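Numbering (my numbering), first residue to last: 190 to 591.
Shown next, in structure tokens, is the structure this report addresses.
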Amino acid sequence: MNIDFKNLAQKYQTPYYAYDFNHITKQYKELKGAFKARKSLISYAIKANSNLSVVKHLADLESGADCVSIGEVKRALKVGIPKYKIIFSGVGKTDEEIKQALEFDILMINLESEAELHRVELMAKELNKEARISIRVNPNVDPKTHPYISTGLHENKFGVDINTAKRMYISAKKSEFLDPIGIHCHIGSQLTELTPIKEAVIIVADLVRNIKAALDIELKFFDVGGGLGIVYDNEKLIDTYEYAQVILDALFGLDVTVVCEPGRFIVGNSGYFVTKVLYEKTNGDKRFVIVDGAMNDLLRPSLYNAYHKIEVLNNNSEKSKCNVVGPVCESGDFFAKNIELPLTQHDDLMVIHSAGAYGFTMASNYNTRGKVVEIALENGDDRVIRDRESFEDLIVLEEKYL
Ligand SMILES: *Cc1c(COP(=O)(O)O)cnc(C)c1O
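Here you go:
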């Protein structure tokens with residue numbers, strides 16, 4: 190897709206996020222298609238990009254939702270994702286969140302500890318309901334991704350080990366307030382190797398067979414988590430058909446619906462963060478390009494040292510190494526270090542690629558900077574899907590106390 194970033198900058202000012210909705214459609218359909226040999230549910234992980242219009246776009250494609258807070262559940266319901274396609278995960282659900290999830294009657298609550306199982310049972314008892322649950326198993330495989338986004342090793346806080354999972358299924362089966370219907374694993378994010386996924390699904394599928402034989406519990410949903418990687422630099426990606434095949438092979442003989450919870454894969458490459466050059470300067474012989482966007486808008490470089498491709502929209506062939514930095518008062522406020530870029534001038538535009546996932550959703554108001562405008566691009570048109578925040582927006586909850 191050829192996007193006129195300059196025109197968008199004139200129309201909406203900078204910085205801005207723009208998302209190609211046609212790309213989102215393509216990604217969703219590709220993954221859904223890969224699982225067509227079986228019953229499947231693609232539950233989009235809302236935390237990757239939770240803009241209501243993005244979630245609505247996925248709702249219109251018949252996607253479900255994977256949520257990690259009751260706020261995300263409410264976003265999903267708000268745009269018409271049916272309750273029976275909504276899953277609630279996360280290691281630290283509050284009593285209030287659990288109760289609301291039960292009242293909304295969503296598909297299932299994904300349990301991440303024994304303590305949580307007891308809490309959910311208690312809440313269900315109070316409401317006199319039966320809670321549909323799944324258990325997040327930590328298969329202890331190394332997903333070979335960044336440590337901050339690796340979740341499937343015992344050293345991570347996520348899920349429970351296999352023996353604990355078995356105990357939990359036994360308790361759930363005994364309880365009149367719990368209905369164990371699913372199993373879940375999510376080993377990490379930005380996965381680019383198929384082998385760890387294969388190892389994990391084989392371990393979890395064996396567990397499903399085991400609890401069927403030993404405990405007479407027949408699970409209906411096999412949730413393989415999300416985590417499919419995207420291109421930031423020159424990664425070689427997992428082929429979605431091979432991915433689906435590995436999962437379907439592991440499930441041989443089991444009558445389960447496959448659930449997949451992609452976030453980044455659906456929206457990551459759809460998004461662009463566009464910022465404007467303010468100044469260039471050199472400290473000693475170090476070149477800095479200072480732009481109007483900052484770590485509060487796109488945190489991934491600062492948080493994970495993540496790489497994003499950066500493109501300068503000018504015709505200057507003279508290049509040199511530089512750091513691209515924002516105006517925030519932190520040395521950690523950078524988008525890239527030691528990259529080769531053309532010399533720039535005031536107002537030159539810079540496009541930061543692959544910013545559709547964990548970009549805007551991680552934004553903050555640090556340094557009293559309003560969150561930037563979000564724009565949808567679809568079938569050649571552009572439209573605002575969230576206004577740029579004004580100073581008044583930022584102080585509205587404080588001002589009344591002066
Ligand atoms: C974050 C998360 C996802 C989505 O991860 P991606 O890497 O964006 O696909 C899926 N499931 C769970 C439980 C998560 O926490």
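Even for Gly, the Cβ is constructed at its ideal location relative to N, Cα and C.
Every value quoted in this text rests on a predicted model; they were computed, and no experiment measured them.
In angstroms, rounded to a whole number, what distance separates the CA positions of residue i and residue j?
i, j, result
"L316", "V478", "57 Å"
"L440", "S229", "13 Å"
"F194", "Y468", "20 Å"
"E365", "D576", "47 Å"
"Q534", "Y496", "24 Å"
"E388", "S509", "44 Å"
"V514", "D331", "33 Å"
"C374", "I584", "41 Å"
"D537", "P531", "11 Å"
"P490", "M484", "8 Å"
"K526", "A226", "45 Å"
"G253", "V573", "24 Å"
"I499", "N352", "47 Å"
"N494", "A402", "46 Å"
"K475", "C511", "7 Å"
"K221", "F347", "26 Å"
"S459", "H212", "6 Å"
"Q289", "S302", "19 Å"
"K274", "E251", "9 Å"
"K409", "R398", "12 Å"
"G416", "D255", "12 Å"
"Q379", "N423", "13 Å"
"V262", "E285", "13 Å"
"E519", "G473", "19 Å"
"I528", "N345", "33 Å"
"V480", "E219", "36 Å"
"K333", "L586", "43 Å"
For residue i, list the residues DSSP reports as bridge partners.
i, result
"C256", "F277"
"T479", "Reading the sequence as shown, one finds Ile at residue 479 and not Thr. DSSP lists Y468, V514 as partners of I479."
"M312", "Looking at the DSSP assignment, M312 forms no beta bridge with any residue, so it has no partner."
"L404", "None, per the DSSP bridge assignment."
"M297", "I276"
"L530", "S509"
"P328", "Its beta-bridge partners do not exist; DSSP assigns none."
"F523", "V514"
"V463", "Y205, V540"
"V592", "Since the displayed the chain opens at 190 and closes at 591, residue 592 lies outside it and no answer follows."
"H246", "In the DSSP output, where bridge partners are listed per residue, H246 has none listed."
"I372", "I324, F411"
"L487", "Beta-bridge pairing links L487 to no other residue."
If we call anything under 8 Å between Cβ atoms a contact, is residue i one with residue j?
i, j, result
"Y547", "V517", "no"
"A198", "K589", "no"
"A394", "L443", "yes"
"T471", "G418", "no"
"V435", "F411", "no"
"S543", "V420", "yes"
Quick one: residues in its chain with C-beta nearer than 7 Å to the C-beta of residue i, no 5 flanking neighbours on either side, listed in chain order?
i, result
"V257", "K236, S278, G279"
"D486", "P204, F462, A552, V561"
"L404", "Y358, I359, K362"
"I400", "K355, Y358, I406"
"R558", "A483, N485"
"R264", "I235, S239, L241, V244"
"H246", "F210, I213"
"D582", "G559"
Keeping to the same chain, check which residues put their C-beta closer than 8 Å to that of residue i; ignore five residues upstream and five downstream.
i, result
"K157", "For residue 157 there is no data in the structure shown, the boundaries of the chain being 190 and 591."
"I322", "M297, I298, N299, L300, L306, V309, A361, L367, D368, P369, I370, G371"
"I192", "A207, D209, Y461, L566"
"L502", "F194, K195, D537, L538, M539, V540"
"F523", "M484, P490, S491, N512, V513, V514, G515"
"S506", "P531"
What does a CB cutoff of less than 6 Å around residue i pick up in its chain, not counting 5 residues either side in sequence?
i, result
"I287", "V309, M312"
"F224", "A433, V447"
"G521", "S491"
"L488", "M551"
Give the C-beta separation of residue i and residue j to the nearest angstrom, bearing in mind that I take them to be a contact with Cβ-Cβ under 8 Å.
i, j, result
"G482", "G545", "The Cβ separation is near 15 Å, so there is no contact."
"A189", "P451", "The displayed coordinates of the chain run from 190 to 591. Any statement about residue 189 would go beyond what the structure contains."
"Q216", "F454", "6 Å"
"V349", "N327", "6 Å"
"C449", "I231", "5 Å"
"L383", "Y432", "6 Å"
"G593", "A248", "In the structure displayed, the chain extends from 190 to 591; residue 593 sits before or after that span and is not available."
"I564", "D571", "5 Å"
"V413", "V390", "6 Å"
"L291", "K318", "5 Å"
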